[in-house]
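J.:
In UniProt numbering, the protein residues as written are 1 to 206.
#1: Give the secondary structure of residue 148 by DSSP, where H, G and I count as helix, E and B as strand, and everything else as coil.
#2: Using a Cβ-Cβ cut-off of 7 Å (strictly less than) and excluding sequence neighbours within five positions of residue 144, which residues of its own chain qualify?
#3: With three or more beta-carbon pairs closer than 8 Å as the criterion, would you say the segment 95 to 106 touches the segment 134 to 141?
#4: Using 8 Å as the Cβ pair cut-off and three pairs as the minimum, do the segment 27 to 34 and the segment 105 to 120 touch?
#5: Could you pull out every unbroken alpha helix (DSSP H) segment of at least 4 residues lying fully inside the segment 63 to 142, listed in chain order?
#6: What would DSSP say about residue 11, mapped onto helix, strand or coil?
#7: Does the distance from the CB of residue 46 to the CB of residue 22 come in under 9 Å?
#8: To the nearest angstrom, how far is it from the Cα of residue 43 to the Cα of residue 126?
#9: Output needed for residue 131: all residues of its chain with C-beta closer than 6 Å, excluding positions within five of it in sequence on either side, in chain order.
#10: What does DSSP give as the partner residue(s) for residue 201 in the beta ladder?
#11: Look at residue 193 and residue 164 and say whether their C-beta atoms are less than 9 Å apart.
#12: Does the Cβ-Cβ distance between residue 79 and residue 95 come in under 9 Å?
#13: Straight-line CA distance for residue 12 to residue 39?
#14: Hey, residue 81 and residue 52: beta-carbon distance below 9 Å or not?
#15: Do you know how far the Cα of residue 41 is from the Cα of residue 14?
#16: Return the first residue and the last residue of the alpha helix (DSSP H) that residue 194 is part of.
#17: Does DSSP put residue 28 in a helix, a strand or coil?
#18: Do you know offhand how far residue 177's Cα is from residue 170's?
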């Protein structure tokens, strides 16, 4: 399905790099270089997610994220890198500005002893304050042994929005999973949770 392919593409960036005829100037600018996890994996200017919501002086409109059209143009996705310590605020700016209600994460925070993604969601009973955004975990449960579902509430300027966070924790550091059944079950629940909402689904790995 479309979501499965998107997560695979988010994990394997070569699908993006092989395309020709696109520029990636924004990600290479001096003020934005540090916001990229990998210097050779940059979003195309033509499809990058532009951040118009500014919460502090000196912020740029850049995040390493791209819009991707779904199958039959029915749904829009945001494919992004796992947030770095200094891009977590940009991540939440993006989530809020584009009204994202579902996030699908295809990695652990730590893989093979190395940090792969900054934890940008709160633990139970520990609300997280990221700049002006307040994030609270309402519930955490296992969909299956490989998938965690978190129900979050995100607050900004006296408004609260629900958000569902899916995390697939069995993707190997290299290659693809041996068993797709738990991953496919997550994709089904992502579709179910998103429903007919037109907001983009956010997909990311490390």
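Quick reminder that beta carbons are idealized off the backbone N, C-alpha and C, glycines included.
T.: Reading it off the structure:
#1: Your numbering for residue 148 matches position 148 in the chain shown. Reduced to three states, the DSSP call for residue 148 is strand.
#2: One-based indexing of the chain shown puts residue 144 at position 144. The residues are 182, 185.
#3: no
#4: no
#5: 88 to 97
#6: Indexing the chain shown from 1 puts residue 11 at position 11. Reliability fails at residue 11, whose pLDDT of 49 lies under 50, so the model's placement of it is uncertain and the value that follows must be treated cautiously. Note: residue 11 maps to helix in three-state DSSP.
#7: Taking the chain shown and counting its residues from 1, one reaches residue 46 at position 46. Taking the chain shown and counting its residues from 1, one reaches residue 22 at position 22. Yes. Within cutoff.
#8: Position 43 of the chain shown, counting from 1, holds the residue named residue 43. Position 126 of the chain shown, counting from 1, holds the residue named residue 126. Using only the alpha carbons, I get a separation of about 33 Å.
#9: The count along the chain shown starts at 1 and reaches residue 131 at position 131. Excluding residues within five positions, the ones whose Cβ falls inside 6 Å are 55, 89.
#10: For the purposes of this step, residue 201 is taken as the residue at position 201 of the chain shown. Paired residue(s): 77.
#11: Here residue 193 refers to the residue found at position 193 when the chain shown is read from its first residue. Here residue 164 refers to the residue found at position 164 when the chain shown is read from its first residue. Yes, they are a contact pair.
#12: Here the question's residue 79 lines up with position 79 in the chain shown. Here the question's residue 95 lines up with position 95 in the chain shown. Result no, Cβ atoms of residue 79 and residue 95 do not sit closer than 9 Å.
#13: The residue you call residue 12 lines up with position 12 of the chain shown. The residue you call residue 39 lines up with position 39 of the chain shown. Reliability fails at residue 12, whose pLDDT of 49 lies under 50, so the model's placement of it is uncertain and no value is given.
#14: Here the question's residue 81 lines up with position 81 in the chain shown. Here the question's residue 52 lines up with position 52 in the chain shown. Contact flag unset, no.
#15: Taking the first residue of the chain shown as position 1, residue 14 is located at position 14. Taking the first residue of the chain shown as position 1, residue 41 is located at position 41. For residue 14, the pLDDT reaches just 43, beneath the cut-off of 50, and the residue's location in the model is therefore unreliable, leaving the point undetermined.
#16: Mapped onto the chain shown, residue 194 falls at position 194. First-last of the alpha helix (DSSP H) with residue 194: 181 to 194.
#17: In the chain shown, residue 28 corresponds to position 28, counting from 1. Helix at residue 28.
#18: Here residue 177 corresponds to residue number 177 of the chain shown, with the count starting at 1. Here residue 170 corresponds to residue number 170 of the chain shown, with the count starting at 1. One C-alpha to the other measures close to 7 Å.
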